Amino acid sequence: MSKGITPRAENYSNWYNDIVIKAGLADHSDVRGCMIIKPYGYAIWENMRDALDKMFKETGHMNAYFPIFVPKSLFEAEEKNAEGFAKECAVVTHYRLKNDPNNEGKLIVDPAAKLEEELVVRPTSEAIIWNSYKKWIQSYRDLPILINQWANVVRWEMRTRLFLRTAEFLWQEGHTAHATKEEAIEETEKMNNVYATFAEEWMGLPVIQGLKSDSERFAGAEETYCIEALMQDGKALQAGTSHFLGQNFAKAFDVKYMNSENKDEYVWATSWGVSTRLIGALIMAHSDDKGLVLPPKLAPYPVVIVPITKTDEGKEKVLAIAKEIQNNLKQKGIQVKIDDADNVRPGFKFAEYELKGVPVRVTIGERDLANNLIEVARRDTNEKETKEVDGASEYLISLLDDIQKNIFDRAKTFRDTNIREANTWEEFENLIEKEGGFVSAHWDGTAETEDEIKAKTKATIRCIPLDNKQEEGTCILSGKPSKERVLFAKAY
RNA sequence: CGGGAGGUAGUUCAGCUCGGUAGAAUACGUGCUUUGGGAGCACGGGGUCGCAGGUUCGAAUCCUGUCCUCCCGACCA
Numbered sequence: 003m004s005k006g007i008t009p010r011a012e013n014y015s016n017w018y019n020d021i022v023i024k025a026g027l028a029d030h031s032d033v034r035g036c037m038i039i040k041p042y043g044y045a046i047w048e049n050m051r052d053a054l055d056k057m058f059k060e061t062g063h064m065n066a067y068f069p070i071f072v073p074k075s076l077f078e079a080e081e082k083n084a085e086g087f088a089k090e091c092a093v094v095t096h097y098r099l100k101n102d103p104n105n106e107g108k109l110i111v112d113p114a115a116k117l118e119e120e121l122v123v124r125p126t127s128e129a130i131i132w133n134s135y136k137k138w139i140q141s142y143r144d145l146p147i148l149i150n151q152w153a154n155v156v157r158w159e160m161r162t163r164l165f166l167r168t169a170e171f172l173w174q175e176g177h178t179a180h181a182t183k184e185e186a187i188e189e190t191e192k193m194n195n196v197y198a199t200f201a202e203e204w205m206g207l208p209v210i211q212g213l214k215s216d217s218e219r220f221a222g223a224e225e226t227y228c229i230e231a232l233m234q235d236g237k238a239l240q241a242g243t244s245h246f247l248g249q250n251f252a253k254a255f256d257v258k259y260m261n262s263e264n265k266d267e268y269v270w271a272t273s274w275g276v277s278t279r280l281i282g283a284l285i286m287a288h289s290d291d292k293g294l295v296l297p298p299k300l301a302p303y304p305v306v307i308v309p310i311t312k313t314d315e316g317k318e319k320v321l322a323i324a325k326e327i328q329n330n331l332k333q334k335g336i337q338v339k340i341d342d343a344d345n346v347r348p349g350f351k352f353a354e355y356e357l358k359g360v361p362v363r364v365t366i367g368e369r370d371l372a373n374n375l376i377e378v379a380r381r382d383t384n385e386k387e388t389k390e391v392d393g394a395s396e397y398l399i400s401l402l403d404d405i406q407k408n409i410f411d412r413a414k415t416f417r418d419t420n421i422r423e424a425n426t427w428e429e430f431e432n433l434i435e436k437e438g439g440f441v442s443a444h445w446d447g448t449a450e451t452e453d454e455i456k457a458k459t460k461a462t463i464r465c466i467p468l469d470n471k472q473e474e475g476t477c478i479l480s481g482k483p484s485k486e487r488v489l490f491a492k493a494y
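My numbering puts the first sequence at residues 3 to 494.
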């Protein structure tokens with residue numbers, strides 16, 4: 003157990019907070035619900051962003067940027083979307099401050115500077131983007147529009163948690179416009195697939211792709227696809243969503259195109275997004291009581307070298323080998339940090355890099371080097387081994403692959419052993435309460451039943467898996483007939 | 001929005017009951033000894049005690065108001 007980190011078994015949410023703060027990922031700010039993402043945490047986000055951005059471009063999308071402010075009249079155009087977000091919107095009402103005549107050195111909002119129309123700080127950008135698409139789309143030749151934006155959004159949540167739910171967060175939101183329903187649905191599914199691939203191959207996070215139930219669906223969507231992941235404490239986390247918006251926004255903003263037969267038609271839409279919440283998922287999926295555990299592909303530096311030296315000429319030799327390894331790995335695009343700071347001792351560095359989740363630590367010391375050896379420690383299993391200097395770089399590269407794979411396999415085994423079937427209400431309640439994880443059960447398809455289950459157990463329908471097999475059954479609560487099982491869980 | 005905890009050094013916190021010189025640990029700086037699992041000793045710098053009033057000879061401490069944060073719950077596309 004590491005200095006100052008609450009063990010998971012003692013208090014899972016304190017453990018989570020300790021990791022975020024002590025690994026240097028983020029801090030609370032003086033603004034309620036808003037966090038400061040520190041360089042180490044931001045570096046992880048940059049790696050996520052770069053990988054996703056590349057995937058978006060490979061699937062034909064381009065980036066653009068729309069304003070953070072949405073005039074209220076635009077925001078309210080799509081009623082369901084507006085209603086869904088209304089109660090968590092920050093609103094700009096004034097554009098100027100002035101000196102407080104009654105309190106020197108203080109400022110007050112200038113009542114003379116009230117805006118004619120309030121500006122909503124975007125909680126999501128469908129409204130302002132579709133207002134633009136209206137101007138961009140005349141003909142079927144203008145379609146599809148495949149745009150993504152990297153942005154911050156604000157949702158005034160009642161209760162916030164670092165990375166998992168903050169009042170302001172960073173994300174990407176894709177907004178596409180299509181001529182046909184089929185093409186839009188294809189896009190929705192394609193991007194959900196991109197998310198699943200990213201989660202599994204980069205984050206080492208196994209996910210279940212599925213559809214949301216009516217009550218969990220995005221406000222303004224016809225269908226919401228999602229990727230759902232399971233955290234170590236048995237709670238589910240929605241890691242990404244991709245929405246088929248039908249013609250709802252096209253109708254709200256009057257976006258029509260002329261088809262090849264000279265007839266006006268409404269445009270079909272999708273939107274999809276993932277956020278800095280993924281960093282929360284990353285933490286809770288892999289880390290342990292010693293600290294963070296990062297997948298090599300997203301670690302700011304997958305390898306850290308700790309030189310241990312006693313003499314000047316020894317130091318020279320050690321650093322020469324460290325730099326050689328650094329250069330070899332750099333050629334493969336792998337960042338290596340050499341920590342030659344001499345104000346802290348090796349033991350401190352070991353603990354520090356374990357806390358920060360660096361996948362591989364290499365110790366190069368004069369003692370082992372006399373025998374041409376170095377020490378290699380892997381963070382995922384906490385195993386240490388000694389290796390020959392010759393061939394070290396090649397070994398490290400293959401070790402990083404191993405770790406990436408092991409992290410995923412471990413999380414997948416955990417996830418798979420935590421999907422259980424329930425066939426009666428008693429079984430269901432018992433599994434949700436005592437085991438956690440996903441519970442696969444029949445449901446009659448109604449929102450009433452879903453609500454009642456939630457009220458009784460706090461479990462919600464996470465998704466209806468895409469590859470669901472069809473089987474006759476009866477709803478665990480109402481006993482009414484059902485054609486397939488859905489996944490329930492308590493969720494973040 | 002309900003319930004709980006809290007705001008004192010960069011950080012974690014003690015001091016408050018019972019008013020009287022602003023404290024510890026850690027971090028930081030300097031020096032020496034150290035360096036293979038969170039080093040030791042010595043010296044040193046560092047604070048409008050969240051903010052505003054009030055009581056008092058005197059307030060971190062008592063009273064009133066106010067702002068903010070965290071945790072639990074409700075809420076959460």
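Every residue gets a Cβ at the ideal spot worked out from N, C-alpha and C, and that includes glycine.
Remember, it's a predicted structure, so these values are computed and weren't measured experimentally.
D403 carries a helical assignment under DSSP once its states are collapsed to helix, strand and coil. Burial state of G242 is buried, judged by a 10 Å Cβ sphere holding 16 or more other Cβ atoms. Burial state of F350 is exposed, judged by a 10 Å Cβ sphere holding fewer than 16 other Cβ atoms. Considered as a whole, the region 173-218 harbours 210-213 as its complete beta strand (DSSP E) runs of no fewer than 3 residues, in chain order. Y142 places its beta carbon less than 8 angstroms from that of S262.
For Y268, the enclosing beta strand (DSSP E) has its first and last residue at 266-268. Look at H63 here: in three-state DSSP terms it is coil, with no helix or strand label. Comparing alpha-carbon positions, the option among K258, V362, S400, S273 lying closest to A181 turns out to be K258.
Contact check for I399 against V295 fails: the beta carbons are separated by 8 angstroms or more.
Taking the C-beta atoms as reference points, V122 is found nearer than 8 angstroms to V93. Taken through DSSP and simplified to helix, strand or coil, R380 comes out as strand. T462 counts as buried, since at least 16 other C-beta atoms from the protein chains shown sit within 10 angstroms of its C-beta.
The Cβ neighbour count for P125, taken over all protein chains shown within 10 Å, is at least 16; the residue is labelled buried.
In terms of Cβ geometry, L247 and A271 form a close pair [threshold 8 angstroms]. Put simply, the region 436-444 touches the region 479-491. At least three CB pairs are less than 8 angstroms apart. Taking the Cα positions, P297 is about 15 angstroms away from T199. Going by C-alpha positions, F77 is about 43 angstroms away from E474.
Here D453 carries a helix assignment [DSSP, helix/strand/coil]. Collapsing the DSSP output to three states places T419 in a helix.
The region 162-171 makes contact with the region 29-45, as at least three CB pairs between them are under 8 angstroms. Between the C-alpha atoms of P113 and P467 there is a straight-line separation of about 53 angstroms. Ranked by Cα distance from P69, the first of S127, Y227, L232, L207 is S127. Using a 10 angstroms sphere on the CB of D20, the tally of other CB atoms reaches 16 or more, which defines it as buried.
CA-to-CA, the gap between K183 and D29 works out to about 44 angstroms.
According to the DSSP assignment, D370 belongs to no beta strand (DSSP E) but to the alpha helix (DSSP H) extending over 368-371.
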